[in-house]
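> So the sequence shown is residues 1 to 348, counted in the UniProt record's numbering. Each residue gets a CB set at the ideal place from its N, CA and C atoms; glycine is no exception.
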Amino acid sequence: MATETGASRLWADFNVKLAADGLREAAAMITQISGEVIPSDVPGSLALGVRQAAGVVLGIAPWNAPVILGVRAIALPLACGNTVVLKGSETCPATHGLIIEALQDAGLPRGVVNFVTNAPANAGDIVEAIIAEPVQGAAFGAFANSGQICMSTERIVVDTKIADEFVARLAEKARSLPLGDPRKGPTVLGSVVDMATVRRCNDLIDDALAKGATLVCGGKSETTLMPATLLDHVTVDMHIYREESFGPVKAIVRVNGDEEAIACANDNEYGLSAAVFSRDVARALTVAKRIESGLCHVNGPTVHDEAQMPFGGMKSSGFGHFGGKAGIAEFTDLRWITVQTTPRHYPF
1 MATETGASRL WADFNVKLAA DGLREAAAMI TQISGEVIPS DVPGSLALGV
51 RQAAGVVLGI APWNAPVILG VRAIALPLAC GNTVVLKGSE TCPATHGLII
101 EALQDAGLPR GVVNFVTNAP ANAGDIVEAI IAEPVQGAAF GAFANSGQIC
151 MSTERIVVDT KIADEFVARL AEKARSLPLG DPRKGPTVLG SVVDMATVRR
201 CNDLIDDALA KGATLVCGGK SETTLMPATL LDHVTVDMHI YREESFGPVK
251 AIVRVNGDEE AIACANDNEY GLSAAVFSRD VARALTVAKR IESGLCHVNG
301 PTVHDEAQMP FGGMKSSGFG HFGGKAGIAE FTDLRWITVQ TTPRHYPF
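Written as structure tokens, this is what we have:
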């Protein structure tokens, strides 16, 4: 992972642990693929709701959490009785290939999972109240794996009443994050995956600054070792307001009150993960219910994953869900089957 994607040892270890959890959870779910007996209006008819394997499942795994997402793409489909074609990332084919090798070494028959890889065509936090926890949550959500996680915090929405203090403390935290080559020792910010990411992030910084944003910390880079970067006073006309950096460059948007915060969070084509920080949990839950995201964490970061949880987005953020019974529903077809146990009356 370090060689192919620039991942740190911390991120690689987390990938292996959560992937192993995912395999165990998928194995446990085998006994949960249940059917049901449905009362029939026809006398003597036994009606069954039966789940059976959907067939061949295509799993597409990205590079940013390659072991977690590679395993997730195949584990539950296999547990539901399907075969899988895993389309690995062209950025980390060796890492994704090792998953297949490990499964085959453990006894998975050849042909059950088929591995292919080739090059393709080329959520915000609502933050308020106590400063310390939102700062920690925003920093983790924004900069874990250098912001290259599907759940990464991209747009940080903060109430103007606390914005100055919050931004100052978040910038202090961001500046303290160790940056370096992950192959040479522990880091928080390792290398981003490629120079295309550097160029995209640099362009977002240039555009935002040209349109009036303030560079709070970090800045442009000439290498894949990019610092944690915060842009304050971001507005809707800046590219970073709508475009995902998928790197360590984050936008701070200042708003007045809950309504503006919700509107800002929802002013987005995508809706995977969001977070709401507040001392008032009831108020935070009210806000969370109105945010258009598949995942929303109250007083926790946007980056949060557990193998058994229903993981999926809204709007343009993917289709369906992984995890637990929600995953079973995705990778099976629900059928209606009847067995007539006594002679049936027919009208003619």
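Quick check on the DSSP output: the alpha helix (DSSP H) that includes Lys-220 runs from which residue to which?
Taken as a continuous stretch (DSSP letters only), Lys-220 belongs to no alpha helix (DSSP H), as it is neither H nor E.
> With Val-253 as the anchor, note down where its beta strand (DSSP E) starts and where it stops.
Note, Val-253: beta strand (DSSP E), 249-255.
> Taking the straight line between their C-alpha atoms, what separation do you get for Glu-292 and Met-314?
So the alpha carbons of these two residues sit roughly 7 Å apart.
> Measure the beta-carbon distance from Asp-203 to Thr-224 and round it to whole angstroms, keeping in mind my assumption that it falls under 8 Å.
So it is not a contact: roughly 15 Å between Cβ atoms.
> What are the start and end residues of the beta strand (DSSP E) that includes Glu-36?
Taken as a continuous stretch (DSSP letters only), the beta strand (DSSP E) holding Glu-36 covers 36-38.
> Residues in its own chain within less than 7 Å of Val-28 by CB, not counting five upstream and five downstream?
Contrary to the premise, residue 28 reads as Ala rather than Val in this sequence. So the list is empty, once near-sequence residues are dropped.
> What is the DSSP secondary structure of Trp-63, counted as helix, strand or coil?
Of the three classes helix, strand and coil, the one that applies to Trp-63 here is coil, per DSSP.
> Does Tyr-241 come out as helix, strand or coil in the three-state DSSP assignment?
In the structure shown, Tyr-241 sits in a helix (DSSP, three-state: H, G or I).
> In the DSSP assignment, find the beta strand (DSSP E) that holds Cys-92 and state where it starts and stops.
Counting along the chain, Cys-92 falls outside any beta strand (DSSP E), and DSSP gives it neither H nor E.
> Strictly by DSSP, which residues pair up with Arg-155?
Per DSSP, Ala-251.
> For Phe-143, which of helix, strand or coil comes out of DSSP?
Helix at Phe-143.
> When you compare each of Asn-114, Cys-80, Pro-109, Leu-108 to His-96 by their alpha carbons, which one comes out closest?
Among Asn-114, Cys-80, Pro-109, Leu-108, the Cα nearest to that of His-96 belongs to Asn-114.
> Would you report the Cα separation of Leu-231 and His-239, rounded to the nearest angstrom?
C-alpha separation (whole angstroms): 12 Å.
> In chain order, what are the residue ranges of uninterrupted alpha helix (DSSP H) at least 4 long that sit wholly in the segment 246-306?
With a minimum length of 4 residues, the continuous alpha helix (DSSP H) runs that stay inside the segment 246-306 are 257-266, 281-290.
> For Val-127, collect the residues of the same chain with a Cβ closer than 6 Å to its Cβ; drop the 5 residues on either side in sequence, then sort them by chain order.
Residue placement at Val-127 cannot be trusted, given a pLDDT of 42 that sits under 50; the coordinates are not used to answer.
> Does the segment 302-322 come close enough to the segment 280-288 that 3 or more CB-CB pairs lie under 8 Å?
No, they do not touch.
> Nearest-angstrom Cα distance between Gly-190 and Gln-52?
About 44 Å.
> What's the gap between the Cα of Leu-295 and the Cα of Ser-273?
Going by the C-alpha atoms only, they are around 5 Å apart.
> From Ile-33 to Ala-54, what distance separates their C-alpha atoms?
So the alpha carbons of these two residues sit roughly 13 Å apart.
> I need the boundaries of the beta strand (DSSP E) containing Phe-115, first residue and last residue.
It spans 113-117 - the beta strand (DSSP E) in which Phe-115 sits, taken as one unbroken run.
> Look at the alpha carbon of Lys-87 and the alpha carbon of Arg-72, and state the distance between them as a whole number of angstroms.
When rounded, the distance between both Cα atoms is 12 Å.
> Using the Cβ count rule (16 or more neighbours within 10 Å means buried), how would you classify Ser-316?
Label assigned to Ser-316: exposed.
> Between the alpha carbons of Gly-82 and Cys-201, how many angstroms are there, rounded?
According to the sequence shown, residue 82 is Asn rather than Gly. One C-alpha to the other measures close to 40 Å.
> List the endpoints of the continuous beta strand (DSSP E) containing residue 355.
The structure shown does not extend to residue 355, since the chain is modelled only from 1 through 348, so no value can be given for it.
> Taking Cβ to Cβ, would you say Gly-137 is nearer than 8 Å to Gly-300?
Result yes, Cβ atoms of Gly-137 and Gly-300 sit closer than 8 Å.
> Select from Leu-78, Ala-163, Ala-47, Thr-332 the residue whose C-alpha is nearest the C-alpha of Glu-25.
When each option's Cα is compared against that of Glu-25, the closest is Leu-78.
> Got a sec, what are the start and stop residues for the beta strand (DSSP E) Val-47 sits in?
What sits at residue 47 in the sequence shown is Ala, not Val. From DSSP, the beta strand (DSSP E) with Ala-47 extends over 45-53.
> For Pro-182, count the other beta carbons within 10 Å of its own beta carbon; 16 or more makes it buried, fewer makes it exposed. Which is it?
Pro-182 comes out buried.
> Could you give the C-beta distance for Ile-38 and Val-67, rounded to a whole number, given that I count them as a contact under 8 Å?
Not quite, the Cβ-Cβ distance comes to about 41 Å (not below 8 Å), so this is no contact.
> Let's test the definition: count the other Cβ atoms within 10 Å of the Cβ of Trp-336 and tell me whether it reaches 16, buried, or not, exposed.
Its Cβ having fewer than 16 others within 10 Å, Trp-336 is exposed.
> Whole angstroms are fine: how far does the CA of Val-167 sit from the CA of Gln-308?
Cα-Cα distance, rounded: 35 Å.
> Provide the residue(s) that pair with Leu-230 in DSSP beta bridges, ordered along the chain.
Beta-bridge pairing links Leu-230 to Cys-217, Lys-250.
> Using a Cβ-Cβ cutoff of less than 8 Å, which residues in the same chain neighbour Gly-35 once the five nearest sequence positions on both sides are dropped?
So the qualifying residues of the chain are Leu-48, Gly-49, Val-50, Arg-51.
> Would you list the residues sitting across from Phe-14 in a DSSP beta bridge?
Note: Phe-14 sits in no beta bridge, so no partner.
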